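Peer 1:
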Amino acid sequence: MTLHPFIAAMLEQLKGRPALSAGSPEDARAMVAAARAVIGRGPAMAGVRDIQIPTRAGSVAARLYRPSGAPAGMLVYLHGGGWVVGALDDYDALARTLAAQSGCAVLLPDYRLAPEHPFPAGLEDAVDAVLHARTLAGPEAPLLVAGDSAGANLAVVAARKLRGEVALAGQVLIYPVADSDFDRPSYREFGAGLPLTRDDMVWFFRHYAPEALWTSPDIAPLRAAHDLAGLPPTLLVLAECDVLADEGRAFADALEGAGVQVARRKAEGVTHGFIRLHNLFDVAAREVEAVADFAARASRAAN
């Protein structure tokens, strides 16, 4: 394993920091929020509006980003964080950058988090957010879903549940949680000493759902390999040094086996969570550009 110099330096600085799973969910959320100042701000938008998305359970907050000019489409971005951490402000810079570079409006839902709201609460909010995005964008506007980590998990499961009901121009899955097998080779190779550990993943799953449900295709979408046909063209971005790398590759294989068009990217020398660091180093910036380009091209193709 050869780490990118930026990642190696970051890990050196983080030595001694508790793992995400070392404390309470509130502790983990505070650790993620502390990175906002380092990540910095995103570009200015033509409009940024905090809204409420109606859901089957009431409503959830969301933020709608509009770039300059007429939006090419709308991208629903579901943030990562193991279904337990993550907030609108943690992903504000990324949402702004994606909107500016893709020309798409970006809807960033603040879906309910576990353990206060365990499965299927976050998934239901994700499905309802995509349905509301169709209303916001209008029936003719191209609509895409995207997410990183657990957000990518919610994105692809929502896309499968809405298949045949909502036409999606594309989906972007950034190091997705695709399975609940913690013994894959990438778990063994990268399961300790990096920003996301094997213990962290088990901790996230335990907060999200009872263990008896972990193999449900609504939690581990790789288990729905027999039922992936008809999903939209997919960009799948993986981190080389990530416990989730193997299941990400297996999920790309399963999508292709179901006839889904898949573009694969592997970010060399980086770890899980790198996409939020796009303001800070070249590999992350390049992968965000690739995501934005995919969204722009998929939107044009759908028009």
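Counting in full-length UniProt numbering, the sequence shown runs from 1 upward without gaps. Every residue gets a Cβ at the ideal spot worked out from N, C-alpha and C, and that includes glycine. None of these values were measured; they are calculated from a predicted model.
1. Any idea which residues DSSP pairs threonine 97 with across the strands?
2. Which residues bound the beta strand (DSSP E) around methionine 10?
3. Mind checking who valine 48 pairs with in its DSSP beta bridge?
4. Do valine 157 and leucine 107 have their beta-carbon atoms positioned less than 8 Å apart in this structure?
5. By how many angstroms is the C-alpha of histidine 79 removed from the C-alpha of tyrosine 91?
6. Please give the ranges of any beta strand (DSSP E) in the segment 150–190, keeping only runs that are unbroken, at least 3 residues long and fully inside the region.
7. Exposed or buried, which one is leucine 14 when buried takes at least 16 other CB atoms within 10 Å?
8. Pull up the distance between the alpha-carbon of valine 38 and that of histidine 278, whole angstroms please.
9. Nearest-angstrom Cα distance between glycine 138 and alanine 290?
10. How is the alpha helix (DSSP H) around alanine 121 delimited, first residue to last?
11. Between alanine 284 and proline 142, how many whole angstroms is the CB-CB distance? I'm expecting something under 8 Å.
12. Compute the distance between the beta-carbons of proline 109 and alanine 126, then report whether it is under 8 Å.
13. Does the beta-carbon of threonine 97 have 16 or more other beta-carbons within 10 angstroms, so that it is buried, or is it exposed?
14. Put tyrosine 208 into one of helix, strand or coil per three-state DSSP.
15. Look up aspartate 148 in the DSSP assignment and say whether it is helix, strand or coil.
16. Given alanine 229, which residues of its chain have a CB within under 6 Å of its CB, disregarding the five upstream and five downstream residues?
17. Tell me whether the beta-carbon of alanine 296 lies closer than 8 Å to the beta-carbon of serine 102.
18. Using the Cβ count rule (16 or more neighbours within 10 Å means buried), how would you classify glycine 164?
19. Buried or exposed: where does threonine 135 fall if 16 or more other Cβ atoms within 10 Å of its Cβ makes it buried?
20. Under DSSP, the alpha helix (DSSP H) around valine 291 begins and ends at which residues?
21. Which residue marks the beginning of the alpha helix (DSSP H) containing alanine 245, and which one marks its end?
22. Taking contact to mean at least 3 C-beta pairs separated by less than 8 Å, is the segment 261–276 in contact with the segment 187–195?
23. Kindly confirm or deny that the segment 216–234 and the segment 166–186 touch, where touching means at least three C-beta pairs closer than 8 Å.
24. Give a yes or no on whether the C-beta atoms belonging to isoleucine 7 and histidine 132 are separated by under 8 Å.
Peer 2: A quick look at the data gives this:
1. Its beta-bridge partners do not exist; DSSP assigns none.
2. Unbroken run through methionine 10 is the alpha helix (DSSP H), 5–13; no beta strand (DSSP E).
3. Beta-bridge pairing links valine 48 to Tyr65.
4. Valine 157 sits away from leucine 107, with the two beta carbons spaced by 8 Å or more.
5. 7 Å
6. 170–174
7. Counting the other CB atoms within 10 Å of its CB gives leucine 14 a total below 16, which places it among the exposed residues.
8. 11 Å
9. 26 Å
10. 121–137
11. The pair is not a contact, with the Cβ atoms about 26 Å apart (cut-off 8 Å).
12. yes
13. buried
14. helix
15. Aspartate 148: strand per DSSP, three-state reduction.
16. Ala258, Gly259
17. yes
18. Its Cβ having fewer than 16 others within 10 Å, glycine 164 is exposed.
19. exposed
20. For valine 291, the uninterrupted alpha helix (DSSP H) run begins and ends at 282–302, by DSSP.
21. 245–257
22. yes
23. yes
24. no
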